[in-house]
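The block underneath contains the structure these notes are about, expressed in structure tokens.
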Amino acid sequence: MTAALVLDGVRKDFVVRDEGRSARFTAVQDVDLEVPDGQFLAVVGPSGCGKSTLLDLVAGLTTPTAGRILLHGRPVTGPATDRAVVFQQYALLPWRTARKNVELGLESVGVPRRQRGRLADEHLDLVGLTGFADRYPHELSGGMKQRVAIARALAVDPRVLLMDEPFAALDAQTRESLQDELLRIWRATGKTVVFITHGIDEAVYLGQRVAVMSPRPGRISDLIDIDLDPVPGEDVRSDPAFGRLRHRVWSALRQPTRQQPTRQQPTAHAREAAHV
Ligand SMILES: Nc1ncnc2c1ncn2[C@@H]1O[C@H](COP(=O)(O)OP(=O)(O)OP(=O)(O)O)[C@@H](O)[C@H]1O
Ligand SMILES: [Mg+2]
1 MTAALVLDGV
11 RKDFVVRDEG
21 RSARFTAVQD
31 VDLEVPDGQF
41 LAVVGPSGCG
51 KSTLLDLVAG
61 LTTPTAGRIL
71 LHGRPVTGPA
81 TDRAVVFQQY
91 ALLPWRTARK
101 NVELGLESVG
111 VPRRQRGRLA
121 DEHLDLVGLT
131 GFADRYPHEL
141 SGGMKQRVAI
151 ARALAVDPRV
161 LLMDEPFAAL
171 DAQTRESLQD
181 ELLRIWRATG
191 KTVVFITHGI
201 DEAVYLGQRV
211 AVMSPRPGRI
221 SDLIDIDLDP
231 VPGEDVRSDP
241 AFGRLRHRVW
251 SALRQPTRQQ
261 PTRQQPTAHA
271 REAAHV
């Protein structure tokens, strides 16, 4: 299978103010990753470990300090319609109806007006919002707003869908139904999905593979294949295999962070040597 996405030695530094001076802060480092075409990859890690930084790099919203990112073999140099992003906050324009919000991406790629309306309605149908096209965001629930954001992302027919904690602000029941909707859409469209979350259950439920990130600086510390075989109509979350995978991800997240040795912190090796 060809790789949709390749990250090769990716690092991202930010310049930050540290006690009044500017300093370099490494948010992610040494990230190597290959995502096969059509895979659903879930990325899980604690708050601040660099998940959004990584997604922004793939989206082309920022550039890596080192390393390279390839999308279907071509270097990522900026945002493009082969990728679409869904953020945690709905990011809808309040003065536009659901249909007009979905049309937004289509306008930017020059799709003619009549076609835009049809494509927007088709994608609103796809996310279960038939009949809501003329509603404004303030007339929609949180879950519905996020469905509009997903419809907008899908309408431009991206090859890769990038999602940054898209369901984090929703209540548990809405979240579960949107997770199922997303899996249905993913199966129907065959898109490659990179889905960021800090929910272990969410990662195991959605992902075909789970990338576990560790913080300071952010790295991918584990890649876990999710080989569940859900029986339609059964609750896979109560399957013992689900529990075992959940525990594997939980344990991977609990691994102590590998600290970079510094002059102030002698390495274990150096300490041993000093005791000889
Ligand atoms: N533009 C920026 N300038 C300076 N530091 C930044 C910038 N963006 C992110 N960081 C830092 O990089 C680190 C990773 O941030 P990031 O937003 O990627 O984390 P995250 O894993 O998405 O966290 P959360 O789960 O809370 O969303 C943090 O320490 C953050 O302070
Ligand atoms: Mg984030």
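The sequence shown: position 168 = 168 (full-length UniProt numbering), numbered continuously.
Backbone N, C-alpha and C fix where the C-beta goes; we use that ideal spot for every residue, glycine too.
A quick note: this is a predicted structure, and the numbers were derived from the prediction, not measured.
Do residue j and residue i come within 8 Å of each other at the CB atom, strictly closer than that value?
i, j, result
"residue 92", "residue 156", "no"
"residue 64", "residue 10", "yes"
"residue 7", "residue 33", "yes"
"residue 286", "residue 16", "Residue numbering for the chain in the displayed model covers 1 to 276; residue 286 lies beyond these limits and cannot be assessed."
"residue 181", "residue 127", "yes"
"residue 72", "residue 209", "no"
"residue 43", "residue 196", "yes"
"residue 80", "residue 162", "no"
"residue 245", "residue 40", "no"
"residue 125", "residue 99", "no"
"residue 55", "residue 204", "no"
"residue 214", "residue 45", "yes"
"residue 299", "residue 233", "Residue coverage of the chain in this structure runs from 1 to 276, which leaves residue 299 outside it and unanswerable."
"residue 249", "residue 200", "yes"
"residue 102", "residue 168", "no"
"residue 129", "residue 111", "no"
"residue 212", "residue 224", "yes"
Can you name the residues that DSSP bridges to residue i?
i, result
"residue 189", "DSSP lists no partner for residue 189."
"residue 211", "43, 223"
"residue 35", "5"
"residue 118", "According to DSSP, which records beta bridges pairwise, residue 118 is partnered with nothing at all."
"residue 17", "22"
"residue 11", "66"
With DSSP collapsed to three states, give me the class of residue i.
i, result
"residue 220", "strand"
"residue 202", "helix"
"residue 179", "helix"
"residue 62", "coil"
"residue 113", "helix"
"residue 26", "strand"
"residue 71", "strand"
"residue 194", "strand"
"residue 235", "coil"
"residue 266", "Below a pLDDT of 50, predicted positions are generally treated as unreliable, and residue 266, at 37, falls in that range; the measurement from the model is reported next regardless. Three-state result, residue 266: coil."
"residue 135", "coil"
"residue 80", "coil"
"residue 125", "helix"
"residue 172", "helix"
"residue 229", "coil"
"residue 55", "helix"
"residue 184", "helix"
Return the first residue and the last residue of the alpha helix (DSSP H) that residue i is part of.
i, result
"residue 249", "240 to 254"
"residue 108", "98 to 108"
"residue 149", "142 to 155"
Along the chain, where does the beta strand (DSSP E) that runs through residue i open and close?
i, result
"residue 83", "83 to 86"
"residue 161", "160 to 164"
Within 8 Å of any Cβ in chain D, is that where the Cβ of residue i sits?
i, result
"residue 247", "Absent from the structure is chain D; it holds one protein chain and no more."
Any heavy atom of ligand 3 within a distance shorter than 7 Å of the CB on residue i?
i, result
"residue 218", "You won't find ligand 3 in this model; what it holds is ligand 1 and ligand 2."
Next item on the list: With ligand 2 as the reference, list in chain order each residue whose Cβ lies under 7 Å from any of its heavy atoms.
Entry: 51, 52, 164, 165, 196
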